[in-house]
Amino acid sequence: MALDSKSVSLTFPDGNSRSYAAGVTPAQVAADISTSLAKKAISASVNGQHWDLQWPIEQDAEIAIHTMKDEAQANELIRHDFAHVMARAVQEIWPDTKVTIGPVIENGWYYDFDRAEPFTPEDLGLIEKKMKEIINKRDPVTTEIWDRERAIAFYKANNEPYKVELVEAIPGDEPVRMYWHGHWQDLCRGPHLQHTGQLPGDAFKLMSIAGAYWRGDSNRPMLQRIYGVAFTGKEKLKAYLHMLEEAAKRDHRKLGREMDLFHMQEEAPGQIFWHPNGWTIYTTLQDYMRRAQHRGGYVEVNTPQVVDRKLWERSGHWDKYQENMFIVEVDEEHAREKAVNALKPMNCPCHVEIFKQGLKSYRDLPLRMAEFGSCARYEPSGALHGIMRVRGFAQDDAHIFATEDQIGDECARFIGFLTDVYKDLGFDSFKVKFSDRPEQRAGSDEVWDKAEEALLTATRAAGVEPELNPGEGAFYGPKLEFVLTDAIGRDWQCGTFQVDFVLPERLDATYIGADGAKHRPVMLHRACLGSFERFIGILIEEHAGKLPFWLAPRQVVVASITSEADDYVLEVVETLKAAGVRAEADIRNEKINYKVREHSVGKVPVILAVGHREVEERTVSVRRLGEKQTRVQSLEDVTKELARAATPPDLL
RNA sequence: GCUGCUGUAGCUCAGAGGUAGAGCACUCCCUUGGUAAGGGAGAGGUCGAGAGUUCAAUUCUCUCCAGCAGCACCA
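According to our numbering, the stretch in the first sequence is residues 24 to 675, in order.
Below, the structure written as structure tokens:
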């Protein structure tokens, strides 16, 4: 206990307080309460800050002692300690491995290593075994504060160059905190457990190995990253692994094949061959968006695919994105040089060119110009991912030409528009991120100040408090990102709303103001679904292939139970089709069990079975996907019901 | 693009230095069956592409292409 005669008053969650000598540690406080708590304690919260049991408390504070039952703190701690224990295990097995960083992430942690030999999947088993040995040793975790010079000298002596760089990067002249798990040492902010034996040795698993750049910089060395997951108990680990298995079944690439929606092949990497079923989803969604946009006050346009580089040079894209464009060279007759064009990677410059035709008045603003623009981008091979990240896609793109003081209204209006659309498509909630100025950008700081301020204010005014995403804006302006997640929780930007003062300037777009003089419009880039391709991928995973009836590519299969019902089956199909339902007949020579199974696997939402009884009574037996029991209904009722279900939500 | 892994029938996968197998799907026959796989027969592969080693390569080596995971990128 500290010799300091000063005392501190600690208040517990139940409101009681006790007095201790200043410098008391939560470990001592726990021991003072009970020996069992001293054993079970893993960390504390001191004035709301997650606090190591060994850190001294120098001032009056509110304190709570945590045990494994405090899920949030326990997860944070064990994942962090697992990272250290894993690094220790790796260095014990392969002593020439250099350590770098190992943060906690969702469900687990990773640690980046520099080692000449690649880790193999078999190595993961070895490391896990070694980790369990370390846990069984119940080595104490200790911590000290060192001054920087000492830490730097220590890491230099130990040949840990990455750690040297990390210490040097800690701002100011602050001393640094060092941790030991037994003999093994790491630079760390903490907090940590009391000893390695507090780790649940049966509730972790090393998942995968992957490359990762040192400090996230592609110019620096590539390290080897090992990912692990850990939970407070074995059952939770099991549940998590089970969830991953279930998620794999929702993978849009797998469902795309099983439901015969699309395929991709080597000759066109990153581009989609849409099959009839998939294209039905696509066009149904596009029709819906077209109606929504008309209602939302947009005009629709269409612009060229192949555009001369001159326009891209003027817009600034040639400079920044040349390597990511598909270039089309053409030998023009009598021309001295080949004409160089690019497949359009986006629609904005072409929309500005439409805006510039004729004189625009302030009375024309805001002018909302939409296009389902087909774009081609030469994305890096490693970025491609099913239909979510592709090289050929169509956006539900639009550019709003507006005056500066219309930004707020347009932003709010768009957020409302997007919210309605997402709700219709089954997404009641989504993340909104605000990305501000990137390091490389066009336009002056004053313009950026103005744009960021306008966008953030407008977003908040619309009742949305976005997550901040610093430095991630577009080169011409700040943006809002509307983010949805896939089956295994990866984030995908779908909608976007961007403020752009730069492009109208570069392409010299103007309108005539009320004062009779020329003014520069602001351009608001926005997409609601983002790309149809990505959004459909998300839709498939969100619904596990069981799309809402109106979007389902195959809505109804009418299946005969005996061949004597075939004629009636065909009649039912024709009736449904005439009512606007996507219906097909299954009069194959197969048993009804077989047909039911096949169409259930194919995610057809409704199967109508027809046998002798139904033919005689002019009814059908209705079976809905996922339900076991069936219901007999008259053909007339079913047709009415299904026709209504097949109607897009905006037309009901 | 980078690191690692993978590429065999439409799909899911087995296999070995001596030019290939299963299940499902497909075709035909029998079966007319009442709500998640009825029975039989048949057809189907230049083992991702190219080069090298070898008497012999789909198998070993190299290069390329594509896919997967992660990183970087994402106008």
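Glycine included, C-beta positions come from ideal geometry on N, C-alpha and C.
Residue i classed as buried or exposed, judged by whether at least 16 other C-beta atoms fall within 10 angstroms
i, result
"Ala67", "buried"
"Val413", "buried"
"Leu278", "buried"
"Ala271", "exposed"
"Asn98", "buried"
"Glu360", "exposed"
"Thr617", "The question names Thr, yet the displayed sequence has Tyr at residue 617. Classification of Tyr617: exposed, given that the 10 Å Cβ count is below 16."
"Leu547", "buried"
"Asn370", "buried"
"Met24", "The predicted position of Met24 is uncertain, since its pLDDT is 46 and thus under 50; no value can be drawn from it."
"Ala176", "exposed"
"Thr143", "exposed"
"Ala72", "At residue 72 the sequence reads Gln, which differs from the Ala that was named. Flag for Gln72 reads exposed."
"Arg549", "buried"
"His317", "exposed"
"Val627", "buried"
"Asn300", "buried"
Residue j beta carbon less than 8 Å from that of residue i
i, j, result
"Cys434", "Leu478", "yes"
"Cys517", "Gly553", "yes"
"Gln77", "Thr219", "no"
"Glu495", "Val455", "no"
"Lys29", "Ala45", "yes"
"Gly131", "His107", "no"
"Ile116", "Ile150", "yes"
"Gly564", "Asp509", "Residue 564 is actually Glu in this sequence, not Gly. A contact, by the Cβ cut-off of 8 Å."
"Tyr134", "Ile249", "yes"
"Glu356", "Ala362", "no"
"Thr326", "Gly409", "no"
"Lys502", "Ser467", "no"
"Ala425", "Leu448", "no"
"Val31", "Glu94", "no"
"Leu530", "Arg337", "yes"
"Glu587", "His622", "no"
"Thr123", "Trp237", "yes"
"Phe416", "Phe453", "no"
"Pro141", "Gln247", "yes"
"Lys155", "Gly256", "no"
"Ala365", "Arg332", "yes"
Three-state secondary structure (DSSP) of residue i
i, result
"Met12", "Outside the modelled stretch of the chain, which goes from 24 to 675, sits residue 12, for which no answer is possible."
"Arg171", "helix"
"Gly148", "helix"
"Ile584", "coil"
"His340", "helix"
"His408", "strand"
"Gly553", "strand"
"Asp119", "coil"
"Ala25", "With a pLDDT of 45 at Ala25, under the threshold of 50, the predicted position of this residue should be treated as unreliable, and no value is reported."
"Thr642", "strand"
"Val619", "helix"
"Val661", "helix"
"Asp331", "strand"
"Asp310", "helix"
"Gln294", "coil"
"Gly131", "strand"
"Thr303", "helix"
"Leu674", "helix"
"Arg161", "coil"
Span separating the alpha-carbon of residue i from that of residue j
i, j, result
"Arg654", "Ala567", "25 Å"
"Gly603", "Asp660", "15 Å"
"Pro48", "Gly293", "With the sequence shown as reference, residue 48 is identified as Thr, and Pro is not the correct amino acid for it. Roughly 57 Å between the two C-alpha positions."
"Lys261", "Gly251", "14 Å"
"Asp119", "Ala406", "32 Å"
"Ile630", "Asp137", "57 Å"
"Leu526", "Phe296", "34 Å"
"Gln221", "Met266", "26 Å"
"Thr90", "Ala50", "12 Å"
Check: residue i C-beta below 7 Å from any heavy atom of the ligand NAD
i, result
"Leu479", "Looking for the ligand NAD in the displayed structure turns up nothing, as the structure carries no ligands at all."
Every unbroken alpha helix (DSSP H) within the region 39 to 80, with a cutoff of 4 residues, ordered by chain: 49 to 56, 58 to 63
In chain order, which continuous runs of the beta strand (DSSP E) of length 3 or greater are located wholly inside the region 466 to 542? Listed in chain order, they are 490 to 492, 502 to 508, 514 to 523.
Report the residue ranges of all beta strand (DSSP E) runs contained in full by the region 183 to 238; include only those spanning at least 3 residues, in chain order. Qualifying beta strand (DSSP E) stretches, in chain order: 199 to 204, 207 to 210, 227 to 236.
Runs of 4 residues minimum, wholly inside the region 341 to 396: which ones carry the alpha helix (DSSP H) assignment? If we require 4 residues or more, the alpha helix (DSSP H) runs fully inside the region 341 to 396 come out as 371 to 379.
List, from N- to C-terminal side, the beta strand (DSSP E) runs of 3 residues or more that fit wholly inside the region 406 to 469. 415 to 425, 454 to 458
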